[in-house]
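For the sequence shown, position 1082 matches number 1082 in full-length UniProt numbering, and the numbering has no gaps at all.
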Amino acid sequence: MVSVDALKSALRQRPDGDAPRACLSDLQYSQAHRIIRIAESGNYNNFIFPQLSSLLAALPGQGGELSVLEIGPGPETTIASMPDLGTRRRVVKYEAYECNGLFAEHLEAGLQSRSKLPSLECPPAVHRQPFSLDLDIFSQEKPKFDLVLFCRSMYGMNPKARFVEKAVQLLTKGGIVAVFHPDRTLDLPGVLCHQVATWPEGCLALPDDDQTLAAAASFLAGCCVPGGDPEDEWRTLCRRLGRRDRKRSGELLFEAPQIMMAFNKSAGLTSGLPMEMLVGETRVKNREASLRRPADVAKPATIEDVQQIVRWAISRMVGLTVIGGGHSGHCQQPGILALDMRAFSKIQITPGGDMERLLIAEAGCTSGRIIQAAMADGLTVPLGSRPSVGAGLWLQGGIGHLSRRYGLTCDAIIGAVVVSLVDGCVLRLGRVPNEFLPSNSEESSHGVDLLWALKGSGTNFYIVVSVVFKTVPHVAHDVRNWDSLMGNAAEAHHKLVKLDEAIGKLERIKAADVYLFSNNGQSRLGMTLYSPSAAGERMGETEGVIPILGHHTQVIKEVDGMRLFETDMYMKLMHGGHGGNKFSAFKRCVFLKSISDKAVRNELLAALDTRPSPYCYIHLVHAGGGAVSDVEVGATAFGCRDWRFACNIAGVWQRADADADADTCTRWVYDVSHKLLPLGSGAYGADLGPDPRDAALAARAFGPNRERLVRLKRVLDPHSVLPFACPLMGPLSRPRLVVAVTGAHGAGKDFCAAAWASTLTAAGVPARVARISDATKRAYAAAAPGIDARRLLMDDNRDYKEQHRAAMAAFYSAQLAARPGLPEEVFAELASSVGTAEVLFVTGMRDEAPVATRAHLVPWARVIEVRVAATPELLAMRRGVHAATTVNGGPTVAPPPDWRPCLVFDNNAGGPDGAAAFARSHILPLLDPDVDRLRDMVPAVPGFPRAGVQFRHVLSIVERPDGLRLCTSLLQGRLRGGGRPSPGAVVGCEAGGFVFAAGLAAALDVPLRLVRRAGRLPPPTVSVAGTRSYISSAAAGEEDRSGGDLGLEMGRFGDLAGRPVVVVDDVLASGTTLRAVLALLAKNGVEPRDVKVLVVAEFPAHRGREALRRSGFGMVGVESLLTFEGT
């Protein structure tokens, strides 16, 4: 696709360059500007608005309120055009600099509507002058803004870096300058960026009609030409260069990539780093990275230098990129400090003898140097297939010719020395020989998690200084290459099927790579077979290949570990060899179980037919199975283990070719990757970065381990020092926490939910609000012609909603009569489609006891209820009626419920600040990273104690050295705050509950009361008849579930009545055990409202809370630390 810049250049280089030209009038410019604005609406909806929403959500402002300065907004303000009313409501002050008189007039007129920025405390100020470096903006009262926004690019502002620095001076303490620019990169030398995001898929979609094209061409050319012929020529040029897409009929598409850069008050401040450490720039191998200019490059020489850089980044709230081998496409980012680790280049091997030989490699070493050093001692490490790649390969997996025999590179890692991103301390992970430990290194409380994450996703969590590998004996290999014509479609399919069969019979010590490529316009199929050299061995596996590909093309004998890098077809046989630095490439990798599957074959062969360059190819690396699949999926962070081929899709072009070829090849790679991804078993994370086109691949890069990695990222990189590695900080696939916001009409539920969501998002936890009633509104609008669904859904259209309230109520009643399960369906759908949110606040719920009745619908999440309370007088005022009147025929104050909400927020006073404080003190702690650590201590045991049961071994927590201490701390935290009196006793349930209850009772220094099976306690006791709990029933088997009276008993204690009591158990499933315990407490005079139940693990699918409420225990407060799906 031709870029907008290329189109501009072509329009300005017309053959009749001497023809008279004139500047556009203000009217012409305004009309053309509107055409361009509509044509780039996709960029706003898909990139600018979402990025801006994310930035604003993280701004604290003053009590949540925002002041905004917009530079060059044009005729329409970007901030007031955002679709999110909640964000627009936060803006209380707005100013703009717009030098175009007609634009300024339109801008002022548009801002007259209160619906645009409804919370403005004073009229918006539009300054009809440019924002220039000479402008004295501090002459009077020194205005300060939370956001300074450049959204219409920075054309005409030079040098751009100085304009950004001037804007930074206008910021409040936590404010940001945001620059949106229509280009791949924005060069701002010396200015340090706080955040960067790109949108390579941006485009300008021009309607293909004469009038529109003429106006748009004049705008892009910067002038108009009198007469018809030049305009006809411009229209023809637009039609010739524009791309047509059948999905976008009637439009001409031009590439318009976008970049967003955000700056805080630390922009440009590299003070604090020694000048000798800053080298300005460095060479990297990756083409994408080489096109980006970092703010600076730091090249540390010692581990203390690395610590200093990390602490510097933390203090200034900026990110870093890391350069190892320089192959990564994200090792340099515009405006970001790059950390070049190539000075760390030592390789050491432990002495021989009876001890296992270990190789210690520093982070600046390349694979080739490691292999050379290991070979000198007769050893090797199973590294990848390229000698120049660096640590990013080892830490993200490491796939190569030895993987089937020895496993992935990350599987060979047994220890490391790293610098923490939490505080810059030096940590030792796993097994590191003492003589290779820095003197200032220390153990980490997260040591097990850190080592686990290192092996498959280590580029995300710390700065790696050195890695310890276990070695294996070096073995020479024989290599044999085949190169055959692909043939027609039927022949090609047949060959792939037969090759798959032949390769499947290879021993694990051997591997065979398959290539789909072209030479001289002919599609070809190649294969490279690797086999350990042995006296007299003649590679017997070739008999199955000869009927498919014919006799070999090349045989290379006794290849050592270094020469092995150079023997595959890519380096020597394809297109005259790709090793001569005359080609550039872009690759992505998808894991495939088989190439004989018809759907896979169709996509592979279709990809070869649609390649945009004759040099593009597909490389199927036969590295899976064998030792790779021997490792359990959860044993390391590398969670994709079930595959045979790592399918590399390589877009290749000659370096002399134009950038357009690079763009076309890159687009082809992504297109093929995304088509193969659903047919495969995951994607390789080593190549992936912050490019939004990588998101779908990154979501499949770690298999079932992704959610654990997301949680660890928040713990191990809390300041987002490494935001540009393989994406992990994106949201979990489903919300972690669902909050049902309840309360009387007029209590302020929507207001509180919005404030809480904003507070959590600003704290780094994406949250959103959803209303139960929105589903009804959409269905009602769809069923009733002429109804505007958008107006029904918007908060500032109350009159319109009131007009339809009665009709909507009748519509909902009819829906409910036809579908009694509709409320459950709506709730489940809301909770399963939250987009980027990890916490979902649901308002408009009128269900009784929503946690008890709805939690089983979302068993993967924790569900809580927060009741918003307000006085009757305040409710009446908000409803607009007198406190003594009734609403809809009912009393204004509802009768007291028969269940206890998890939390209650007093909304009588406090406003936004009070709501924000409540979110920080009561809701945010529910997302404590320590809860995630505890979750990782509870493994799943499928098929135990019988088939069909997914057992969670909760007691494994106490088998961990720090497990009981951590669990006790979390249980104790659930009792803090809210003015709760100290409990009089802790009650523990047999048998798992004893362990956790004892720990909590000791921490609280209160008595422990035991509940045991009948007959196991001395008198005096109280007892109740009982039945098997779900857990004991599952263990006994179906045939035994109905038999036996399993009564429970506890001592008779006269000191429990009237005092708070805490009940602790390990599991809540069906609630059978807890109902019996509560009945025992009632016999001891304890009221349900005085009981607090704490359970370690809950299985909502069994609806235990609902059973408790049906049994009369709805007023008992129940909290669980962990929730798990399944049985």
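Note that CB positions come from ideal geometry on N, CA and C, so glycine has one too.
Beta-carbon to beta-carbon, L454 and L395 are separated by about 6 Å, close enough to satisfy the 8 Å threshold. Taking C-beta atoms as the reference points, L135 and A178 fail to come closer than 8 Å. Assigned with DSSP and collapsed to three states, Q307 falls in helix. In the assembly as shown, R854 is a buried residue. Its beta-carbon has 16 or more other beta-carbons within 10 Å.
Taking 8 Å as the cut-off, the beta carbon of L1081 is found no closer than this to the beta carbon of V1096.
The Cβ atoms of H127 and Y97 lie closer than 8 Å to each other. If you draw a straight line from the Cα of L564 to the Cα of L337, it is about 36 Å long.
By the CB criterion at 8 Å, T78 and L107 fall outside the cutoff. By the Cβ rule, the region 682-693 counts as touching the region 590-603, because three or more pairs are nearer than 8 Å. Excluding its 5 nearest sequence neighbours in each direction, A753 has C-beta neighbours in its own chain below 6 Å: V741, V769, F841, T843, listed in chain order. Under the three-state reduction of DSSP, A1025 is assigned to coil, being neither helix nor strand. A Cβ-Cβ contact shorter than 8 Å links P612 with T664. Counting C-beta atoms within 10 angstroms of its own C-beta, N520 has fewer than 16 neighbours from the protein chains shown and is therefore classed as exposed. With a beta-carbon spacing of about 6 Å, A217 and L11 fall inside the 8 Å limit used to define contacts. Under the DSSP assignment, R34 falls in the alpha helix (DSSP H) whose first and last residues are 26-39.
Bounds of any alpha helix (DSSP H) do not take in C902, whose DSSP letter is neither H nor E.
In this chain, E362 is not harboured by any alpha helix (DSSP H); it is covered by the beta strand (DSSP E) spanning 358-362. Here the region 275-292 lies against the region 327-335, with 3 or more beta-carbon pairs under 8 Å apart.
Going by DSSP, A985 is part of the beta strand (DSSP E) stretching over 985-989.
Counting only the Cα atoms, G456 lies some 10 Å from L709. Its Cα nearest to that of K144, the residue L66 stands out among R243, L66, I347, H401. Secondary structure in the region 348-421: the alpha helix (DSSP H) runs of 4 residues or longer, each lying completely within the stretch, are 367-375, 391-396, 403-406 in chain order.
Checking the DSSP bridge columns, you'll see T198 partnered with I259.
For N519, the three-state secondary structure derived from DSSP is strand. In this structure, F517 and M574 form a Cβ contact; the two beta carbons are roughly 5 Å apart against a cut-off of 8 Å. The closest CA to that of G963, considering only I259, A391, H446, is found on H446.
For V467, DSSP records a beta bridge to A361, A416.
Within the DSSP bridge table, the entry for S113 names no partner. With a cut-off of 8 Å on Cβ pairs, the region 626-633 is not in contact with the region 156-174, counting fewer than three such pairs. Assigned with DSSP and collapsed to three states, P1019 falls in coil, not helix or strand. Excluding residues up to 5 positions away in sequence, A747, G748, C752, V868, A869, A870 lie with their Cβ nearer than 7 Å to the Cβ of N907 in the same chain. Distance from the CA of A125 to the CA of G42, rounded to the nearest whole angstrom, comes to 29 Å. Spanning the alpha carbons of D661 and D5 requires a straight line of approximately 16 Å. Proximity to A104 across R778, P75, V426 peaks at P75, based on C-alpha coordinates. For Q332, the three-state secondary structure derived from DSSP is coil. Take the alpha-carbon of K93 and the one of C122: they are about 7 Å apart.
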